[in-house]
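K.L.:
Everything in the sequence shown is counted per full-length UniProt numbering, starting at 1 for the first residue and increasing by one.
The following block contains the structure, expressed as structure tokens.
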Amino acid sequence: MWEHWNTKDAIERSENASQCRNSTRGGLGVHKHVAGQKSFLQVHQEMEERLKRPVTFGEVFIATHTRADGSFVDQKSQQVGEAYAKSLEERMSEIDRDGPQISDNYSQHSTQRTLSLEEKIFLKCTHKDGKGNPYGLGSLVETLNKRKRKECYASSSTSTIVDLQDQLQKKISKHEAQNAKRDEEHRQYQYRMEKLLLFMKEKDLELAAFLSTDSTEPKPPL
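Rendered as structure tokens:
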């Protein structure tokens with residue numbers, strides 16, 4: 001066997017095969033990662049459990065494509081990692097220049113927006129195969145997208161209930177406001193009538209005497 005693969009013809013065919021394999025990857029060598037038998041989804045979950053916070057695609061990529069000394073496992077992962085780091089730094093600098101957005105909505109959702117922004121930057125920087133699958137993440141993107149769609153559906157259902165409650169509360173508030181307006185109009189009417197009667201009493205003593213009697217029933221004619 002050794003004699004066969006040590007021949008000139010075998011060595012040449014082996015080199016040609018290696019070049020063909022590498023050429024499908026842009027000549028950057030065989031793709032590598034350090035995740036071992038773990039799926040990228042498992043790595044992602046373990047990182048979130050350990051760090052106690054959401055983890056981005058870029059962080060999973062760095063964790064699975066760099067060695068203990070911090071160097072990338074191959075040229076392609078280095079290209080992607082460096083492009084991602086540069087694009088992320090530029091985008092964060094733009095955000096810093098724009099200044100913080102002070103609002104309740106921003107404070108509540110800024111973390112999620114930053115996470116989504118970093119993921120979009122990474123997906124833009126990484127390579128994609130013929131099927132459009134991003135390099136360096138395996139099935140992680142598809143799995144997380146399915147999960148987000150489910151969460152979005154659940155959130156949408158909850159939002160619908162909340163919206164209905166808000167609409168009902170608005171209708172109740174509107175009805176109460178209308179009642180309060182009618183009550184105020186009635187009080188104003190009574191005030192004007194009392195003022196009018198007081199004026200008429202001052203001008204007509206007989207009317208004042210008549211209105212001051214205990215009975216308001218008309219007397220029968222004599």
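The beta carbon of each residue, even a glycine, is placed where N, CA and C say it ideally should be.
The structure presented is a predicted model; accordingly, all values stated were derived computationally and were not measured.
With DSSP as the reference, label Leu213 as helix, strand or coil.
P.N.:
If you number the sequence shown from 1, residue 213 lands on position 213. According to the sequence displayed, residue 213 carries Thr and not Leu. Residue state, collapsed to three classes: coil.
K.L.:
Looking at Ser77 and residue 272, is the spacing between their C-beta atoms short of 9 Å?
P.N.:
Nothing about residue 272 can be reported from this structure: the residues present for the chain run from 1 to 222 only.
K.L.:
Just how far apart, CA to CA, sit Leu88 and Phe57?
P.N.:
The sequence position of residue 88 within the sequence shown is 88, counting from 1. The sequence position of residue 57 within the sequence shown is 57, counting from 1. Between Leu88 and Phe57, the C-alpha separation is close to 12 Å.
K.L.:
Tell me Pro134's beta-bridge partners as DSSP assigns them.
P.N.:
Looking up residue 134 in the sequence shown gives position 134. The partner list for Pro134 (beta bridge, DSSP) reads Lys128.
K.L.:
Applying the criterion that 16 or more other CB atoms from any shown protein chain within 10 Å of the CB defines a buried residue, is Thr126 buried or exposed?
P.N.:
Here residue 126 is taken as the residue at index 126 of the sequence shown, counted from 1. It is buried - the Cβ of Thr126 has at least 16 other Cβ atoms within 10 Å.
K.L.:
Closer than 7 Å by C-beta to Pro134: which residues in its own chain qualify, once you throw out the five before and the five after it? Chain order, please.
P.N.:
For the purposes of this step, residue 134 is taken as the residue at position 134 of the sequence shown. Excluding sequence neighbours, Pro134 sits near Leu123, Thr126, Lys128, Val141.
K.L.:
Would you grab the beta carbon distance between Phe40 and Gly138 for me? Rounded to a whole angstrom, and I think it's under 8 Å.
P.N.:
By one-based count along the sequence shown, residue 40 stands at place 40. By one-based count along the sequence shown, residue 138 stands at place 138. Indeed, because the Cβ distance is near 4 Å, the residues count as touching under 8 Å.
K.L.:
Please work out which residues of its chain come closer than 8 Å, Cβ to Cβ, to Val73, disregarding the five sequence neighbours upstream and downstream, and give them in chain order.
P.N.:
Stepping through the sequence shown from its first residue, residue 73 is reached at position 73. Once the five neighbours on either side are set aside, the close Cβ partners of Val73 are Lys32, His33, Val34, His65, Thr66, Arg67.
K.L.:
For the alpha helix (DSSP H) that Arg91 lies in, which residues bound it at each end?
P.N.:
Here residue 91 refers to the residue found at position 91 of the sequence shown. Residues 75 to 98.
K.L.:
Per DSSP, which residues does Thr66 bridge with? Please list them.
P.N.:
Counting from 1 along the sequence shown, the entry for residue 66 is found at position 66. Thr66 is bridged to Phe72.
K.L.:
Skipping 5 residues on each side, what residues in its chain have a beta carbon closer than 6 Å to that of Ala208?
P.N.:
On the sequence shown, position 208 is the one that residue 208 refers to. The residues are Lys201.
K.L.:
Identify the continuous alpha helix (DSSP H) that holds His44 and give its terminal residues.
P.N.:
The residue given as residue 44 occupies position 44 in the sequence shown. 40 to 51 is the span of the alpha helix (DSSP H), which, as asked, contains His44.
K.L.:
Among Met47, Phe199, Ser71, Ala85, which one has its Cα closest to the Cα of Val60?
P.N.:
Position 60 of the sequence shown holds residue 60. Among Met47, Phe199, Ser71, Ala85, the Cα nearest to that of Val60 is on Met47.
K.L.:
Put Gly36 into one of helix, strand or coil per three-state DSSP.
P.N.:
Your numbering for residue 36 matches position 36 in the sequence shown. Correct three-state label for Gly36: coil.
K.L.:
Are there 16 or more other CB atoms within 10 angstroms of the CB of Tyr84, so buried, or fewer, so exposed?
P.N.:
Residue 84 sits at position 84 when you count from the first residue of the sequence shown. So Tyr84 ends up on the buried side.
K.L.:
Assuming Arg91 and Leu117 are in contact, meaning their beta carbons sit under 8 Å apart, how far apart are those beta carbons, in whole angstroms?
P.N.:
Taking the first residue of the sequence shown as position 1, residue 91 is located at position 91. Taking the first residue of the sequence shown as position 1, residue 117 is located at position 117. Yes, they are in contact, since the Cβ atoms of Arg91 and Leu117 sit about 7 Å apart, within 8 Å.
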